[in-house]
Amino acid sequence: MSEMLALDFMRNALLAALVVGLAAPMVGIFLVQRRLSLIGDGLGHVALAGVAIGVITDSAPVWTALVAAVLGGAAIELVRARGRTSGDIALALMFYGGIAAGVVVINKVDGTQTANLTGYLFGAITTTTRADVVLFAVLCAVVVVVVTVLRQRLFAVAGDEEYARASGLPVLALNIALSILTAVTIVVAMRVIGLLLISALMIIPNAAAQQVSRSFRAASWWGVVLGIVSSVGGVVTSYYADTASGGTVVLLAIGIFVAAALAGAARRAIAGSRHRHAERHPHEHGPGCGHEAVTHGDHVDYLHDGHRHAAHEGHYDEHSADPPDAAHTLEDREEVPR
Amino acid sequence: MSTAAPPVLELSDAAFGYDGRPVISHVDLTVARGEVVAVLGPNGSGKTTLVTGLLGLSQHLSGDVQVLGTPLARLTDRTRLGYVPQRHTLSGGVRATVTEVVSTGLLAGRPWWRPAGRADRKAVQEALEAVGLADRARFDVETLSGGQRRRVLIARALVARPEVIVMDEPTAGVDRASQRVLAGVLQRLGRGGTTMLVVTHELAALRGVVDRIVEIDTGRVTFDGPPQGYAEHRARYARSAGRGAA
Ligand SMILES: [Zn+2]
Ligand SMILES: [Zn+2]
Ligand SMILES: [Zn+2]
Ligand SMILES: [Zn+2]
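Just so you know, the sequences run in chain order A and B. All residue numbers for the first sequence refer to the working numbering, where the first residue is 44 and numbers rise by one. All residue numbers for the second sequence refer to the working numbering, where the first residue is 535 and numbers rise by one.
This is the structure:
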């Protein structure tokens, strides 16, 4: 490990991986919520056209890619807001036009030597310079601050756009903001995992987080933690295993997703076997339902024909009159036999 | 000139629709404060277009529409109108708790840079109590029944303390036991003086809640009056339809 950290380019690579692992899932959870998981992929395609413009004009490709992706992101939302069926075709033209133009231009300028192109498509983290890392950190800080401030609004709009509009929230502006945040994240992640794999780091850690959390708040935190583990862990693994960094990061993220899905299923199975469901229960207990309510630890039981019933997920649990033990909480209910 | 508070809604010869094409037109309707109005009509009659028009979700094409004494186009404070949409998913593709969903009802009422405060949390708690879901505040919304989800949406509309609540099919697809609880919630709100405009085609589920019925068919208002009068209107309609068929 210390050998790896002694290398200047690895230190830069790990710092870049850290900021990308933090920013990508923070933005990505809203794409998961909107069921637009593949939009990041499309914006990555557009960013490649921006890289090509940078190559032609001999300016920094990061900036031209940023401009192209931000404009592309805003265009996506404007097309979506018009709600025409032709909008889908327009997006396809933009995405595939972007990547095709990028490939043609970069190959033309670089000649047959395509290492540069491969670096943008699949990541070339070890070529990250100190200046790159500083720029990425600044962009990432902007993303983190904006997402943190707008978090609840982005959640509201992504969860129920129609209601958000009726309640007076600036829906189009918030959607464009999310699109621009996505574009910035893509450009930051471009060097680390590449434009073709970028979407994976926005989506997969969040998909894993959904398996192990029961609230949006918890899922957001888990998404960030798993994102950082995937990206930093992937870069470390790729150093020792001598593999491509971008692909390694994504494979690690998928491995984490599988583990989270198994852990979630196991926990549900254990919780299910440990507690007793009330039988078919068409009546809904609540204040004034006609049954006596008894405080039981952190929740309320209702006395129902000699049984104590407590609401749990989509059913009622049978509780006993014993004082609830420490493990008996609303979050994770363990049942004692009656 | 009367000094009394203006009606909550005042429509005269109003038309609403999409993309410039009217779906419902020539609507004259006045709703006073505290009234509970059921908007009935078959699917595709234009009743949803009418209420979503009041919320700015469909286009107001012509006629005069005053909401809370202000012309619709100039109503900037949309939090004065609560909206309960007809929904099956409450949080899109992610998990969220009942509290997290209900809290979004407060967002439009505070500046974008201000996080939720103590008063906001108290308002959420009160809204959940009003719909009888206080003990499920931390539940994942996906684990709730259809009727409970509908009550989450009602709490989300109530939390900003709107002056009028517009509901789209609150009882549709809700099992019998939940429907009773839901009707109780609406009854409590109505008695508390909340003005409500309820789009429905299940009047039975709202018996005793509704003060007045507005029937809409093929883009026009075809009845406007008390529930007893509506029964007679339907009977007359059925007789004339029967005679026509004979
Ligand atoms: Zn009960
Ligand atoms: Zn209990
Ligand atoms: Zn029971
Ligand atoms: Zn249970």
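Virtual Cβ for every residue (Gly too), placed ideally from N, Cα, C.
Proximity test, Cβ basis, 7 angstroms: residue i and chain B
i: GLY315 (chain A); result: no
i: GLY270 (chain A); result: no
i: TYR163 (chain A); result: no
i: PRO325 (chain A); result: yes
i: GLU356 (chain A); result: yes
i: VAL185 (chain A); result: no
i: SER45 (chain A); result: no
i: PRO330 (chain A); result: yes
i: ALA262 (chain A); result: yes
i: VAL75 (chain A); result: yes
i: ARG78 (chain A); result: yes
i: PHE259 (chain A); result: yes
i: ARG376 (chain A); result: Here ARG376 (chain A) scores only 40 on pLDDT, less than 50, and its place in the model is too uncertain to base an answer on.
Residue burial classification, residue i (beta-carbon count within 10 angstroms, cutoff 16)
i: SER222 (chain A); result: buried
i: TYR617 (chain B); result: buried
i: ASN577 (chain B); result: exposed
i: THR623 (chain B); result: exposed
i: ARG770 (chain B); result: exposed
i: LEU242 (chain A); result: Checking the sequence shown, residue 242 (chain A) turns out to be Ser, not Leu. SER242 (chain A) should be labelled buried.
i: PRO790 (chain B); result: A question about residue 790 (chain B) goes unanswered here, because the residues of chain B that appear run from 535 up to 780.
i: SER125 (chain A); result: The sequence given here places Arg at residue 125 (chain A); Ser does not occur at that position. Exposed, since its Cβ has fewer than 16 Cβ neighbours within 10 Å.
i: ILE299 (chain A); result: buried
i: LYS581 (chain B); result: buried
i: GLN762 (chain B); result: exposed
i: PHE673 (chain B); result: buried
i: ASP153 (chain A); result: exposed
i: TRP647 (chain B); result: exposed
Below-7 angstroms beta-carbon distance, residue i vs any chain A residue
i: TYR617 (chain B); result: yes
i: GLY626 (chain B); result: yes
i: GLU634 (chain B); result: yes
i: ASP674 (chain B); result: yes
i: VAL601 (chain B); result: no
i: ARG608 (chain B); result: no
i: VAL585 (chain B); result: no
i: ARG614 (chain B); result: no
i: LEU662 (chain B); result: no
i: ALA630 (chain B); result: yes
i: LEU731 (chain B); result: no
i: LEU737 (chain B); result: no
i: GLY666 (chain B); result: yes
i: THR499 (chain B); result: Residue numbering for chain B in the displayed model covers 535 to 780; residue 499 (chain B) lies beyond these limits and cannot be assessed.
i: LEU543 (chain B); result: no
i: LEU591 (chain B); result: yes
Cβ-Cβ separation, residue j to residue i (assumed contact under 8 angstroms), whole Å
i: ALA548 (chain B); j: VAL599 (chain B); result: 5 angstroms
i: GLY590 (chain B); j: ALA201 (chain A); result: Actually they are not in contact, since the Cβ atoms of GLY590 (chain B) and ALA201 (chain A) sit about 20 angstroms apart, beyond 8 angstroms.
i: ALA59 (chain A); j: PHE179 (chain A); result: 5 angstroms
i: ILE383 (chain A); j: ALA207 (chain A); result: Residue 383 (chain A) is absent from the model: chain A starts at 44 and stops at 381.
i: ARG196 (chain A); j: LEU217 (chain A); result: 6 angstroms
i: ILE229 (chain A); j: GLY87 (chain A); result: 5 angstroms
i: VAL570 (chain B); j: VAL744 (chain B); result: 5 angstroms
i: GLY237 (chain A); j: GLY289 (chain A); result: 4 angstroms
i: ASP751 (chain B); j: GLY575 (chain B); result: 6 angstroms
i: VAL235 (chain A); j: SER274 (chain A); result: 7 angstroms
i: ALA262 (chain A); j: ILE72 (chain A); result: 7 angstroms
i: LEU224 (chain A); j: VAL110 (chain A); result: In fact, because the Cβ distance is near 15 angstroms, the residues do not count as touching under 8 angstroms.
i: LEU595 (chain B); j: PHE550 (chain B); result: 6 angstroms
i: ALA321 (chain A); j: HIS350 (chain A); result: 7 angstroms
i: LEU740 (chain B); j: VAL732 (chain B); result: 7 angstroms
> In chain order, which continuous runs of the beta strand (DSSP E) of length 3 or greater are located wholly inside the segment 690-745 of chain B?
Replying inline: The qualifying runs are 698-702, 729-733.
> Can you list, in chain order, the stretches of the alpha helix (DSSP H) that have 4 or more residues and sit fully within the segment 124-209 of chain A?
Replying inline: Runs of the alpha helix (DSSP H) inside the segment 124-209 of chain A: 129-153, 158-165, 173-202, 204-209.
>> For the segment 195-212 of chain A, list every residue whose C-beta sits within 8 angstroms of some C-beta in chain B, in sequence order.
In response: Cβ contacts with chain B come from GLN195, ARG196, PHE198, ALA199, ALA201, GLY202, ASP203, GLU205, TYR206, ALA207, ARG208, ALA209, SER210, GLY211, LEU212.
>> As a quick check of your reading: which residues have a C-beta less than 5 angstroms from at least one non-hydrogen atom of ligand 5, in chain order?
In response: The ligand content of the structure shown is limited to ligand 1, ligand 2, ligand 3 and ligand 4, which means ligand 5 is not among them.
> Going along the segment 669-697 of chain B in order, which residues come within less than 9 angstroms of chain A, judged by CB to CB distance?
Replying inline: Flagged, chain order: ASP669, ARG670, ARG672, PHE673, ASP674, GLU676, THR677, LEU678, SER679, GLY681, GLN682, LEU687, ARG690, ALA691, ALA694.
>> By the 8 angstroms beta-carbon criterion, what residues does the segment 242-257 of chain A contribute toward chain B?
In response: Within the segment 242-257 of chain A, the residues whose Cβ lies closer than 8 angstroms to some Cβ of chain B are ASN249, GLN253, SER256, ARG257, listed in chain order.
> Which of the residues in the segment 706-721 of chain B, read from start to end, lie with their CB under 7 angstroms from any CB of chain A?
Replying inline: Within the segment 706-721 of chain B, the residues whose Cβ lies closer than 7 angstroms to some Cβ of chain A are ALA711, SER712, VAL715, listed in chain order.
> Which runs of the alpha helix (DSSP H), 4 residues or longer, sit entirely within the segment 571-598 of chain B?
Replying inline: Unbroken alpha helix (DSSP H) runs of no fewer than 4 residues, entirely contained in the segment 571-598 of chain B, are found at 581-588, following chain order.
> Looking at chain B, which residues of the segment 338-355 of chain A have a Cβ within less than 7 angstroms of any of its Cβ atoms?
Replying inline: Listed in sequence order: HIS342, VAL343, ALA354.
>> Counting only Cβ-Cβ distances shorter than 7 angstroms, please list the residues of the segment 641-663 of chain B near chain A, keeping chain order.
In response: Those residues of the segment 641-663 of chain B placed with their C-beta closer than 7 angstroms to a C-beta in chain A are LEU641, ALA642, TRP646, TRP647, ordered along the chain.
> Where in the segment 229-314 of chain A do unbroken runs of the alpha helix (DSSP H), each at least 4 residues long, occur, reported from the N-terminal end onward?
Replying inline: Counting only runs of 4 or more, we get 241-255, 259-284.
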